[in-house]
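Working notes, structure below.
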Amino acid sequence: MILDKIRLGIRTHDLKASSFEELKGISSKIGIANFQFSPTKLPFVQTNGNKLGYGFTTYLDQQLSDLGLNIPILGCYVNIIDSDPEVRKSNLSLFENYLTAATFFKKSPIVATETGSVSGKGYTTKNYSDQVFEMVLESVAKLVQVAENLGVIMAIEPGVNHPVYNLKRTEQLLAKIDSPNLKLIFDPVNLLNNHNYTNQRQIINKFYDSFGQKIIAVHLKDFVFKTGNLQMAALGTGMFDQQYFLTETAKRYPYMYCLLESISREQVPAAINLISKWVEIEP
Numbered sequence: 001m002i003l004d005k006i007r008l009g010i011r012t013h014d015l016k017a018s019s020f021e022e023l024k025g026i027s028s029k030i031g032i033a034n035f036q037f038s039p040t041k042l043p044f045v046q047t048n049g050n051k052l053g054y055g056f057t058t059y060l061d062q063q064l065s066d067l068g069l070n071i072p073i074l075g076c077y078v079n080i081i082d083s084d085p086e087v088r089k090s091n092l093s094l095f096e097n098y099l100t101a102a103t104f105f106k107k108s109p110i111v112a113t114e115t116g117s118v119s120g121k122g123y124t125t126k127n128y129s130d131q132v133f134e135m136v137l138e139s140v141a142k143l144v145q146v147a148e149n150l151g152v153i154m155a156i157e158p159g160v161n162h163p164v165y166n167l168k169r170t171e172q173l174l175a176k177i178d179s180p181n182l183k184l185i186f187d188p189v190n191l192l193n194n195h196n197y198t199n200q201r202q203i204i205n206k207f208y209d210s211f212g213q214k215i216i217a218v219h220l221k222d223f224v225f226k227t228g229n230l231q232m233a234a235l236g237t238g239m240f241d242q243q244y245f246l247t248e249t250a251k252r253y254p255y256m257y258c259l260l261e262s263i264s265r266e267q268v269p270a271a272i273n274l275i276s277k278w279v280e281i282e283p
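Residues in the sequence shown are numbered from 1 upward in steps of one, following UniProt numbering.
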């Protein structure tokens, strides 16, 4: 069926390219031209993110466009609830800069982030508190206001270790901040833990049923257990029900951007072969 297709992509920094030309070469070799582009994670771009002004951003856009590379997602994964007010303010300012930069791209990519952690050391159970969730609401509301003013889209990626850690919290976020400029990136593996990983299909269905067209992209990876803990892995190397997720995604969201992550360039061909068994890949 013509609609049961996906648009496959990958995070640029997972390919370990040292130049735009090498990125193009890898892109041609693996057959992927759609990227989640995170400039600060690419050594050859040499920017801290605050330099994404009109001149530099249009230069980057031209470089990528000339090489035939498509950027649907602009990654700015900063901690929007850092417990240090000054750091949090700086992170929010950086994200706002990315929202502005998105307007300088010819195709206005969606700017994506996670909700972070109240601890500077990463995961903490404090992330699950109502107090921390209020911090999320405050930060996201500020960013959404900027996105609305600029006419661009921002996306939040829920994750089990973050304040937006399950379907209920995601529903609360969207109910409190009801904006057409706020969307979701769905990574089902990010919502799995030692207790719910056997309920993968239920989690996938509930997320899709609940959020519909709020979902603008998905991430593709896998998971394994090491020393009793769930750890991320490249697609096709673990226990994730990739057949169900891919076929359900293609059926519900034709031509959805599906972005590989937690994968090396050497592992990509095997992942593509696997994906091709279940859905058709549109360039």
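Yeah, the Cβ is synthetic: ideal placement off N, Cα and C, and Gly gets one too.
- Message: Using the three-state DSSP reduction, which class does residue 77 fall into: helix, strand or coil?
- Response: The residue you call residue 77 lines up with position 77 of the sequence shown. It is coil, neither helix nor strand.
- Do the region 79-95 and the region 54-61 touch if we need at least three Cβ pairs shorter than 8 angstroms? no
- Item | Residue(s) in a DSSP beta bridge with residue 7 | Here residue 7 is taken as the residue at index 7 of the sequence shown, counted from 1. Looking at the DSSP assignment, residue 7 forms a beta bridge with 257 and 282.
- Message: Which residue wins for smallest C-alpha separation from residue 29, given the options 276, 283, 269 and 278?
- Response: Walking along the sequence shown from the start, residue 29 turns up at place 29. Cα-wise, what sits closest to residue 29 is 269.
- Message: Please report the straight-line C-alpha distance between residue 146 and residue 42, rounded to a whole angstrom.
- Response: Sequence index remark: in the sequence shown, residue 146 carries index 146 (1-based). Sequence index remark: in the sequence shown, residue 42 carries index 42 (1-based). Looking at the two C-alpha atoms, the distance is approximately 26 angstroms.
- Message: On the DSSP letters alone, give me the boundaries of the beta strand (DSSP E) that residue 226 sits inside.
- Response: Start at 1 with the first residue of the sequence shown, and residue 226 comes out as number 226. Residue 226 -> beta strand (DSSP E) spans 222-226.
- Strand pairing of residue 155, partner residues [DSSP]: If you number the sequence shown from 1, residue 155 lands on position 155. According to DSSP, which records beta bridges pairwise, residue 155 is partnered with 112 and 183.
- Message: Suppose contacts are defined by Cβ-Cβ distances below 7 angstroms. Is residue 73 in contact with residue 265 by that definition?
- Response: Position 73 of the sequence shown, counting from 1, holds the residue named residue 73. Position 265 of the sequence shown, counting from 1, holds the residue named residue 265. No, they are not a contact pair.
- Message: DSSP three-state label for residue 97, please.
- Response: As a working note, residue 97 is residue 97 in the sequence shown. It is helical.
- Task: Consider the C-beta atom of residue 232 and the heavy atoms of the ligand HEM; say whether any pair is separated by less than 6 angstroms.
- Result: Only the bare structure without any ligand can be found here, which leaves the ligand HEM out of the picture.
- How should residue 13 be labelled, buried or exposed, when 16 other C-beta atoms within 10 angstroms of its C-beta is the threshold for buried? Counted from its first residue, the sequence shown places residue 13 at position 13. Buried, by the Cβ-count rule.
- Report all residues from its chain with a CB closer than 7 angstroms to the CB of residue 124; omit the five preceding and five following residues, and keep chain order. Taking the first residue of the sequence shown as position 1, residue 124 is located at position 124. Excluding residues within five positions, the ones whose Cβ falls inside 7 angstroms are 117 and 118.
- Task: Tell whether a beta-carbon distance below 7 angstroms holds between residue 250 and residue 6.
- Result: On the sequence shown, position 250 is the one that residue 250 refers to. On the sequence shown, position 6 is the one that residue 6 refers to. Yes, Cβ-Cβ distance for residue 250 and residue 6 is below 7 angstroms.
- Integer-rounded CB distance, given that residue 206 should sit under 8 angstroms from residue 167: Residue 167 sits at position 167 when you count from the first residue of the sequence shown. Residue 206 sits at position 206 when you count from the first residue of the sequence shown. Sure, about 6 angstroms apart at Cβ, within 8 angstroms.
- Message: Using C-beta distances below 7 angstroms, list every residue in its chain close to residue 279, excluding the 5 sequence neighbours before and after it, in chain order.
- Response: Here residue 279 corresponds to residue number 279 of the sequence shown, with the count starting at 1. Once the five neighbours on either side are set aside, the close Cβ partners of residue 279 are 4, 5, 6, 246, 247 and 250.
- Task: Leaving aside the five residues before and after residue 189 along the sequence, list all residues of the same chain whose C-beta is less than 8 angstroms from its C-beta, in chain order.
- Result: Mapped onto the sequence shown, residue 189 falls at position 189. Contacts found: 219, 221, 222, 223, 232 and 240.
- Query: So, residue 71 versus residue 39, is the Cβ gap smaller than 7 angstroms?
  - Reply: Within the sequence shown, the letter at position 71 stands for residue 71. Within the sequence shown, the letter at position 39 stands for residue 39. No, the pair does not count as a contact, with Cβ atoms beyond the cut-off.
- Item | Buried/exposed call for residue 93, threshold 16 Cβ in 10 Å | Position 93 of the sequence shown, counted from the first residue, corresponds to residue 93. By the 10 Å Cβ count, residue 93 comes out exposed.
- Residues bridged to residue 33 [DSSP beta-bridge criterion]: If you number the sequence shown from 1, residue 33 lands on position 33. None; residue 33 has no bridge partner.
- Query: When you compare each of 19, 120 and 141 to residue 183 by their alpha carbons, which one comes out closest?
  - Reply: For the purposes of this step, residue 183 is taken as the residue at position 183 of the sequence shown. With distances taken between Cα atoms, residue 183 lies closest to 141.
- Neighbourhood of residue 149 by C-beta distance below 8 angstroms, restricted to the same chain and skipping five residues each side: For the purposes of this step, residue 149 is identified with residue 149 of the sequence shown, where counting begins at 1. Nothing meets the Cβ criterion.
- Look at residue 154 and residue 111 and say whether their C-beta atoms are less than 7 angstroms apart. Within the sequence shown, the letter at position 154 stands for residue 154. Within the sequence shown, the letter at position 111 stands for residue 111. Cβ atoms of residue 154 and residue 111: closer than 7 angstroms.
- Query: Among the residues of its own chain, which have a CB less than 8 angstroms from the CB of residue 98, if the five just before and after it don't count?
  - Reply: The count along the sequence shown starts at 1 and reaches residue 98 at position 98. Correct list, in chain order: 49, 52, 74, 76 and 111.
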